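K.L.:
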Amino acid sequence: NAVAALPIFRHYHIQEDQLHASADGQKFETHLETFKTRYSSKYFGTNKGITAMTLVANHSALNARIIGSNEHESHYIYDLLQSNSSDIKPDVLS
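Be aware that the sequence shown starts at 784, since it is given in my numbering, and climbs by one per residue.
1) Here's a check: name, in chain order, each residue in its chain whose Cβ is nearer than 7 Å to the Cβ of residue 831, leaving out the five neighbours to either side.
2) Please classify residue 858: does DSSP put it in a helix, a strand, or coil?
3) Report the start-end ranges of each alpha helix (DSSP H) in the segment 800 to 871 that is 4 residues or longer and not cut off at the edges.
4) Just to confirm my understanding: we take residue 877, look at its own chain, exclude 5 residues before and 5 after, and list those with CB closer than 8 Å. What are they?
5) If you check the beta carbons only, do residue 863 and residue 841 fall under 8 Å apart?
6) When you compare only the Cα positions, how much space is there between residue 828 and residue 815?
7) In angstroms with no decimal places, state the Cα-to-Cα distance between residue 808 and residue 824.
8) Does the beta-carbon distance from residue 857 to residue 784 come in below 8 Å?
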């Protein structure tokens, strides 16, 4: 919330009157066995890993969630947007 109060925050807007956000997943190999770790030969070979889903607007992370690496990322985008507890509310999600 403090980042949105900075005067420079608005200079990162793609459009002057709308706040754009994006959601994407990043794969990480894990060395510890957890509930969310999954095998994915495409990303980790014979090892296990997780996916960190992040909602970002103006280079600020608004929300994040850890999911299994074999789960479809699009199933979690709506949840990331709706459970955003910051004062930064995106107008457009891409």
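Every residue gets a Cβ at the ideal spot worked out from N, C-alpha and C, and that includes glycine.
Keep in mind the model is a prediction, meaning the values are calculated, not measured.
P.N.:
Once the coordinates are examined:
1) Within the sequence shown, the letter at position 48 stands for residue 831. For residue 831, where only same-chain residues beyond five positions count, the Cβ hits under 7 Å are 813, 820, 821 and 822.
2) Numbered from its first residue, the sequence shown carries residue 858 at position 75. Note: residue 858 maps to helix in three-state DSSP.
3) 824 to 827 and 860 to 865
4) Mapped onto the sequence shown, residue 877 falls at position 94. Cβ-Cβ distances below 8 Å link residue 877 to 803, 804 and 805 in the same chain, with the five nearest sequence neighbours on each side left out; the list follows chain order.
5) To locate residue 863, count along the sequence shown from 1; it is residue 80. To locate residue 841, count along the sequence shown from 1; it is residue 58. Cβ atoms of residue 863 and residue 841: not closer than 8 Å.
6) Counting from 1 along the sequence shown, the entry for residue 828 is found at position 45. Counting from 1 along the sequence shown, the entry for residue 815 is found at position 32. Whole-angstrom Cα-Cα distance: 16 Å.
7) Against the sequence shown, residue 808 aligns to sequence position 25. Against the sequence shown, residue 824 aligns to sequence position 41. Using only the alpha carbons, I get a separation of about 17 Å.
8) Against the sequence shown, residue 857 aligns to sequence position 74. Against the sequence shown, residue 784 aligns to sequence position 1. No.
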